[in-house]
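Residue numbers (our numbering), protein chains in the order written: chain A, 94 to 204; chain B, 94 to 204.
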DNA sequence: GATTCATGAATAGACAGTCTTGATATAGAC
DNA sequence: GTCTATATCAAGACTGTCTATTCATGAATC
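If you want it as structure tokens, here you go:
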């Protein structure tokens with residue numbers, strides 16, 4: 094019980110499949126793609142990016158953003174791609190295990 | 094972003110819909126129902142039970158287990174039932190938001 | 001033109017909450 | 001006696017929140 098940690102990491106990696114992005118844009122992308130459901134606080138996003146970089150799943154480079162501001166642009170590394178696949182399948186397994194418990198069961202119906 | 098915390102709580106509440114159980118049995122039930130996918134450490138389960146009791150979602154009573162050992166038996170309170178419904182719908186919303194991000198998107202296909 | 005304000009972008013630290021690990025306790029079953 | 005059932009607690013790791021700070025730019029206002 095703890096595939097829970099790491100969902101944010103997975104979302105970040107997934108978002109970078111679209112192409113390199115800076116942190117601010119990653120947060121916006123996750124927010125928008127989830128239709129406003131997922132809010133990523135910068136206080137959790139930036140540490141997450143640091144984590145991922147440290148592990149080698151993503152790589153960073155300072156560049157200029159669309160708005161002519163300095164921005165650290167992150168891109169997925171090959172190792173990151175592999176990692177993403179792994180996290181994705183663990184997540185799917187976890188979700189379906191939770192679903193098995195949550196769905197109404199026979200036991201409950203005849204009680 | 095943090096409906097993550099609380100999944101264990103939800104699973105416990107859900108498990109108690111089957112009827113009152115003691116902690117040890119709750120862990121076993123979750124483990125079994127999830128087909129061995131979800132392992133609940135006692136070090137996280139018991140604090141979780143204490144939390145839930147403190148909030149009034151569950152109530153405890155010392156009784157004898159099937160094996161004639163003293164066991165703290167927990168049952169769902171009415172407030173707990175309400176809470177369960179709420180957590181269930183939040184969880185569903187969260188899972189589908191994550192799914193929206195994870196599924197292959199048009200953007201990615203033509204890149 | 002100068003000043004003010006909102007926005008884009010990143011960082012850092014204090015704190016809270018959860019989970020893991022590992023140790024300890026007790027009592028009945030074999 | 002040892003194994004299983006049942007519960008508790010404390011230390012530590014990790015994530016996430018909240019809040020503040022910094023710096024640059026574009027837009028609005030005077």
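No residue lacks a Cβ here, since even glycine has one placed at the ideal position from N, Cα and C.
Just so you know, these numbers come straight off a predicted model, no measurement behind them.
For residue j and residue i, the rounded distance between their alpha carbons
i             : j             : result
residue 194/A : residue 164/A : 44 Å
residue 138/A : residue 135/B : 31 Å
residue 128/A : residue 161/B : 53 Å
residue 181/B : residue 190/A : 14 Å
residue 94/B  : residue 133/A : 6 Å
residue 187/B : residue 154/B : 34 Å
residue 179/B : residue 192/A : 16 Å
residue 197/A : residue 144/B : 25 Å
residue 108/A : residue 112/B : 42 Å
residue 148/B : residue 125/B : 27 Å
residue 121/A : residue 140/A : 17 Å
residue 171/A : residue 171/B : 51 Å
Under 8 Å between C-beta atoms of residue i and residue j
i             : j             : result
residue 119/A : residue 131/A : no
residue 142/A : residue 167/A : yes
residue 169/B : residue 110/B : yes
residue 100/A : residue 97/B  : yes
residue 152/A : residue 146/A : yes
residue 106/A : residue 176/A : yes
Cβ-based burial, residue i [other Cβ within 10 Å; buried from 16]
i             : result
residue 150/B : buried
residue 184/A : buried
residue 157/B : exposed
residue 173/B : buried
residue 202/B : Only weak support exists for where residue 202/B lies, its pLDDT of 47 falling under 50; the value from the coordinates is given anyway. The residue in question, residue 202/B, is exposed, as its Cβ has fewer than 16 Cβ neighbours within 10 Å.
Any C-beta of chain B under 8 Å from that of residue i
i             : result
residue 127/A : yes
residue 146/A : no
residue 164/A : no
residue 178/A : no
residue 159/A : no
residue 101/A : yes
residue 121/A : no
residue 93/A  : Because chain A in this structure spans residues 94 to 204, residue 93/A falls outside the shown range and cannot be described.
Interface flag, residue i vs chain A, CB-CB below 8 Å
i             : result
residue 202/B : At residue 202/B the pLDDT is 47, less than 50, meaning the model places this residue with poor confidence and gives no usable figure here.
residue 132/B : yes
residue 142/B : no
residue 174/B : no
residue 104/B : yes
residue 118/B : no
residue 183/B : no
residue 107/B : yes
residue 194/B : yes
residue 190/B : yes
residue 169/B : no
residue 97/B  : yes
Span of the beta strand (DSSP E), counted from its first residue to its last, around residue i
i             : result
residue 109/B : Where residue 109/B is concerned, there is no enclosing beta strand (DSSP E), although the alpha helix (DSSP H) it sits in stretches over 100 to 109.
Residue range of the unbroken alpha helix (DSSP H) whose run includes residue i
i             : result
residue 218/B : Only positions 94 to 204 of chain B appear in this structure, which leaves residue 218/B out of reach.
residue 123/A : 116 to 126
residue 154/A : Taken as a continuous stretch (DSSP letters only), residue 154/A belongs to no alpha helix (DSSP H), being part of the beta strand (DSSP E) at 151 to 157.
residue 145/A : 135 to 148
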